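There are 2 protein chains.
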Amino acid sequence: MNSKRRRELIDVYRDGLLHDTLPFWLQHGVDREHGGFFTSLNRDGTVIDTDKGVWQQGRCTWLLGELYNNVEPREEWLQLAIHGMTFLDRHCFDPTDGRMWFHVAQDGQPIRKRRYAYSECFAAIAYGELALATGEAYYRDRAIQTFRKFVDHNLNSKEAASKFTETRPTRGMGFPMMTIATAQELRQSIGLEDANDWIDRSIASIHEFHLKPDIECVMETVGVNGEILDHFDGRTLNPGHAIEGAWFILLEGHQRQDPSLIETGCQMLDWMWHRGWDPEHGGILYFVDVQGLPVQEYWHDMKFWWPQNETILATLLAHLLTGDDKYANWHRQAHDWAYSHFPDAQHGEWFGYLRRDGTISSELKGNLWKGPFHLPRMQYLAWKWLEKDFD
Amino acid sequence: MNSKRRRELIDVYRDGLLHDTLPFWLQHGVDREHGGFFTSLNRDGTVIDTDKGVWQQGRCTWLLGELYNNVEPREEWLQLAIHGMTFLDRHCFDPTDGRMWFHVAQDGQPIRKRRYAYSECFAAIAYGELALATGEAYYRDRAIQTFRKFVDHNLNSKEAASKFTETRPTRGMGFPMMTIATAQELRQSIGLEDANDWIDRSIASIHEFHLKPDIECVMETVGVNGEILDHFDGRTLNPGHAIEGAWFILLEGHQRQDPSLIETGCQMLDWMWHRGWDPEHGGILYFVDVQGLPVQEYWHDMKFWWPQNETILATLLAHLLTGDDKYANWHRQAHDWAYSHFPDAQHGEWFGYLRRDGTISSELKGNLWKGPFHLPRMQYLAWKWLEKDFD
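Chains as they are written, first to last, in this note's numbering: chain A, 44 to 434; chain B, 44 to 434.
This is the structure:
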């Protein structure tokens, strides 16, 4: 990647973040009446559901704090991060068990809790950024407590696995991946003491149970001992998710200056690029079957925004860390496909849900799952990585 | 619809059932080792997941019993119905609470129970057909008990609503619709004593809470008093499901010789045809928003097999009961679209999952949701209705 291309890409990512993505959400998504953020927005930014996703409250708060701490200390960003955190803190924890809700009404009344605890991850990293931004011990303590809640719930709660009986226990990539990403963020923001231990443990778990060199694949869901389960759920791969995991590990390899981690991350990316890239229409498919059999999930062949964001990040970082032109080429392919299909030239931000052929299936800009996170995180990290000297 | 068209259609439906759909499932789906039926079949009938859906065990058993009782007493059908029932009876009930599982392993070990109790509906109608076929009191008693379990669970169990908190309680079309269909079947098979009461109550509930003449719409999910909830879930319509409900009510109108029920069924069909028929590509869409806003479910614009089956039945019955040519035209449209996109000329049966434009998204012939039910039920009922003199 030559320096001209680097400068062009920096402009695309930085300007996209600061002049498109962030203004879209800050203009349309701030609830001045009840606090927190709306993310269920139509194409033009109109709020089409006033309910609030708890993931998105944490993610948007984290993003604003991260930008305040690492891009520039704009007072508006800090005040909006505090605005988000106030809503999270007041309304998004269930006082009966301390766990977080998944979905609340506009005024914060609870609608739904889920058996897993990802709300806690996003809240933890949001607390972490506010601790760094304000120096307040309260935020630091809450960041640590909320991270502990997440890992305890996943390791010790029966509820976390309660969707299924004990007949065929499984192990998913979600928990170790979220642990890595959350610990990385908390190490950076509050210097979380045991961050490295959690990261080591999680990478070891992915290595031991999910990476399958014999078939060159990252398995999303396996038996408790890493067995491949020859059923729909066990065969279903989530290439965008595995590729996201790849860049978490690449980043850790860079942080630790550990070539074996960089090798692992590249391997995961290589395998899952080949499994997930759609040779017919381009873009990363949502789900594919490890044996090429039909997938049960109905949206398997759609192109969602976030697997493209994660692939752009992973290929870019792999190239910057290894210098391998293969990754620069993949980055160009992923970047070009995404930028020619997802951005909404008329109202800004990205569409989220395309059909396999790249046509728009839904004009939604956000919902309980899509909000100011994957796209701006990609724009922010890719911009910063491209400005950095990795050598 | 002239008599030539009727004869042609009878051939299509009858021969499709007896020479295509049924042989496909009986050749590929019978588990001679552990009992019960496989329904997770690939395009050519290969079993690609040995797990068993409990709905499908009941549905396939019901179908075989229904055909034995109403088409012809083929010993093979009766023996296979008993084969299915033995598996259901032995493996599909949780002894700890008497409720049924949703998903079991090949040998019957439980994998998953769900908070709703539709497994019970399909088991109840299967028991009913076996009671009629064999005269055994055991089957009759089990049919009644299992139906009672279903209604008790839905009316009295907190678990049935436990996915969400009490903040915004809702009411769905599923429970009254399944109650009507199950009671209709049990009235026919075992003369269920209070069948008419349950049907009356369920139709009254649909009338009171789900039919909205002011906006000409059948709402799938409403507040407990029938309020339209202006959130994603509340706005989401399921036209194929409402159209299925329409023919349940049309059939009841015919059975009771009650013109007001026929009027209600036609009204539901009229409203939901206009909302659900895809004017661009044809076929019934899966979900649409009552206000035309984006739908949250990712597969909203796909064409699944079953909404087409239900629309073919509803339009046919509406025409046969009213003589209105509008319904004959809609029937032709629905029939022609479905028959030009879903049947697999090479391996038989129908594909289940098409994209909006009618191209194939998945070649699966079955899974935990698609099995020998909607298509053969349509073929069987449409054939029998066309042979009948409704005047």
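We put the beta carbon where it would ideally sit given N, CA and C, even for glycine. In this text, all values refer to a predicted model and were calculated from it rather than measured experimentally.
Should B/R50 go down as buried or exposed, given a rule of 16 or more other Cβ atoms within 10 Å for buried?
-> With fewer than 16 Cβ atoms within 10 Å of its Cβ, B/R50 is classed as exposed.
Do A/E163 and A/T189 have their CB atoms nearer than 7 Å?
-> At the C-beta level, A/E163 and A/T189 come within 7 Å of one another.
Which whole-angstrom value describes the C-beta separation of B/Q99 and B/L411, a residue pair presumed to lie in contact below a C-beta threshold of 8 Å?
-> The pair is a contact, with the Cβ atoms about 7 Å apart (cut-off 8 Å).
Where does B/W342 fall in DSSP's three states?
-> Note: B/W342 maps to coil in three-state DSSP.
Pick from B/D276, B/I233, B/N113: whose alpha carbon is nearest that of B/R211?
-> B/R211 has its Cα closest to that of B/D276, out of B/D276, B/I233, B/N113.
Given a threshold of 16 other Cβ atoms within 10 Å of its Cβ, counted over all protein chains shown, does B/Q361 qualify as buried or as exposed?
-> Here residue 361 of chain B is Ala; the residue named in the question, Gln, does not match the sequence. Under this definition B/A361 is a buried residue.
Taking a cut of 8 Å between CB atoms, which residues from the region 331–345 of chain B lie near chain A?
-> Within the region 331–345 of chain B, the residues whose Cβ lies closer than 8 Å to some Cβ of chain A are L336, P337, V338, Q339, Y341, W342, H343, D344, M345, listed in chain order.
So, is B/A124 buried or exposed, given that buried needs 16 or more other C-beta atoms within 10 angstroms?
-> Only buried fits B/A124, as 16 or more other CB atoms lie within 10 angstroms of its CB.
For A/H146, which beta-bridge partners are listed by DSSP?
-> Answer is A/G96, A/R155.
Determine the direct distance from the alpha carbon of B/W120 to that of A/T222, and round the result to whole angstroms.
-> Approximately 54 Å between the Cα atoms of the pair.
For A/C260, which beta-bridge partners are listed by DSSP?
-> A/C260 is bridged to A/K255.
For B/W393, the residue or residues it bridges with in DSSP | Answer is B/P386.
Beta strand (DSSP E) segments (min. 3 residues) lying fully within the region 253–337 of chain B | Listed in chain order, the complete beta strand (DSSP E) runs (minimum 3 residues) inside the region 253–337 of chain B are 264–266.
Looking only at C-alpha atoms, which of A/G78, A/L84, A/Y341 sits nearest to A/G101?
-> The residue with the shortest Cα to Cα distance from A/G101 is A/G78.
Can you list, in chain order, the residues of the region 152–169 of chain A whose Cβ is nearer than 8 Å to any Cβ on chain B?
-> Against chain B - using a Cβ distance shorter than 8 Å - the residues of the region 152–169 of chain A are Q152, P153, I154, R155, K156.
What residue range is occupied by the uninterrupted beta strand (DSSP E) comprising B/S405?
-> Its beta strand (DSSP E) spans residues 403–405.
Sequence-distant residues of its chain with Cβ nearer than 7 Å to B/Y161 (five each side left out) = Result list for B/Y161: W98, M221, in chain order.
Within 7 Å, strictly: CB atoms of B/Y460 and B/R158 | This structure gives no information on residue 460 of chain B, because the portion of chain B shown stretches from 44 to 434.
Does the beta carbon of B/N200 come closer than 7 Å to any beta carbon on chain A?
-> According to the sequence shown, residue 200 of chain B is Ser rather than Asn. Interface annotation, B/S200: not in contact with chain A, CB-CB separation never under 7 Å.
Any idea which residues DSSP pairs B/L123 with across the strands?
-> BP columns for B/L123 are empty, so no partner.
Is the region 131–143 of chain B touching the region 105–122 of chain B in the sense that three or more CB pairs, one from each, lie closer than 8 Å?
-> Below 8 Å, too few C-beta pairs join the region 105–122 of chain B and the region 131–143 of chain B to call them touching: fewer than three.
Evaluate B/Q339 with the Cβ neighbour count: other Cβ atoms within 10 Å of its Cβ, from every protein chain shown; 16 or more gives buried, anything less gives exposed.
-> That one is buried.
Can you give me, in chain order, the residues of the region 382–397 of chain B that have a beta carbon less than 9 Å from any beta carbon in chain A?
-> Answer set for the region 382–397 of chain B: Y396.
Run down chain B in chain order and give the residues with a C-beta less than 8 Å from the C-beta of A/N410.
-> Residues of chain B passing the Cβ test: F275, Q339.
At which residue ranges does the region 216–243 of chain A contain complete alpha helix (DSSP H) runs of 4 or more residues, listed in the order of the chain?
-> Taken in chain order, the unbroken stretches of alpha helix (DSSP H) that lie wholly in the region 216–243 of chain A and span 4 residues or more are 217–233.
Name, please, each residue of chain B whose Cβ falls closer than 7 Å to the Cβ of A/T210.
-> Those are A148, Q152, P153, I154, listed as they occur along chain B.
Would the region 304–316 of chain B and the region 281–292 of chain B be scored as touching if the rule is three or more Cβ pairs under 8 Å?
-> Yes, the region 304–316 of chain B touches the region 281–292 of chain B.
Using a Cβ cut-off of 7 Å, which residues of the region 403–433 of chain B contact any Cβ in chain A, in chain order?
-> Answer in chain order: S404, S405, E406, L407, N410.
Put A/R211 into one of helix, strand or coil per three-state DSSP.
-> In this structure, DSSP gives A/R211 a state outside helix and strand, which the three-state scheme calls coil.
So what does DSSP say about A/V114, is it helix, strand or coil?
-> Note: A/V114 maps to coil in three-state DSSP.
Per DSSP, cross-strand counterpart(s) of A/F347 = Note: A/F347 sits in a beta bridge opposite A/Y396.
Can you find a CB in chain B that lies within less than 7 Å of the CB of A/I258?
-> No, its Cβ sits nowhere closer than 7 Å to a Cβ of chain B.
Where do the N-terminal and C-terminal ends of the alpha helix (DSSP H) with A/P66 fall, by residue?
-> First-last of the alpha helix (DSSP H) with A/P66: 65–71.
Taking a Cβ distance cut-off of 8 Å, strictly less, list which residues of the region 90–115 of chain A are near chain B, in chain order.
-> Residues passing the 8 Å Cβ filter: I91, D92, T93, D94.
Ends of the alpha helix (DSSP H) at A/C164?
-> It spans 161–177 - the alpha helix (DSSP H) in which A/C164 sits, taken as one unbroken run.
Spatial neighbours of B/F433 in its chain, beta-carbon cut-off 8 Å, leaving aside the 5 residues before and after = Excluding positions up to five away in sequence, the list reads H297, L363, L364.
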